[in-house]
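According to my numbering, the sequence shown is numbered sequentially starting from 6. By construction, the Cβ of each residue, glycine as well, lies at the ideal position given by its N, Cα and C atoms.
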Amino acid sequence: MNLIQANKVSQEKLDYFLQSNPHMNKYSLLQKGYVVEIKGKIEGCFILEEMEEGTYWLKQLYITQSEAAVLPVLLESILTMAKQQHAKRVYVHSHQPVVDILLEALQFHPQKERAFVNKIDQKDGNWWLYHVS
6 MNLIQANKVS QEKLDYFLQS NPHMNKYSLL QKGYVVEIKG KIEGCFILEE
56 MEEGTYWLKQ LYITQSEAAV LPVLLESILT MAKQQHAKRV YVHSHQPVVD
106 ILLEALQFHP QKERAFVNKI DQKDGNWWLY HVS
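If you want it as structure tokens, here you go:
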């Protein structure tokens, strides 16, 4: 599994991935995102955006169903990346119960308040916080 800045992968590979996953925001992905390459093929993506100093938001996390088993390893890799960027906190907004279970297992903490709610309207799902050490 390789994590590569989206703007550094071939346009052909990225376009193929985005055609298969039209719900992804191509502009945001190219500006701030990464793709997940497995066996030479893009199988997922995410954005790790700094919202304020030391506080990051993991957005647009996606992995294809055929590679869903790598999600725990992917999340751990993203947290390692956040640590390398000197993150103190990483927020995640989850929309799926299975992801909630995984986040809890990785020592994310549920949040009652809605982080960054003024910046984006996210009514459904759960917010989680990971303290980077």
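Restricted to the segment 52-92, the beta strand (DSSP E) segments that are unbroken, complete and at least 3 residues in length are 60-68, listed in chain order.
Checking the DSSP bridge columns, you'll see P115 partnered with W133. Under the Cβ criterion (8 Å, minimum of three pairs), the segment 24-41 does not count as touching the segment 102-119. Looking from the CA of Q10, the closest CA among V41, F22, V97 and S25 belongs to V41.
A straight line joining the alpha-carbon of Y21 with that of Q90 spans about 30 Å. Assignment of Q16 by DSSP, reduced to helix, strand and coil, places it in the helix class. According to the DSSP secondary-structure assignment, H98 is paired through a beta bridge with W132.
CA-CA distance, M6 to E118, rounds to 34 Å. For H100, the number of other beta carbons within 10 angstroms of its own is below 16, and it is reported as exposed. With respect to V104, L63 sits apart: the two C-beta atoms are not nearer than 8 Å.
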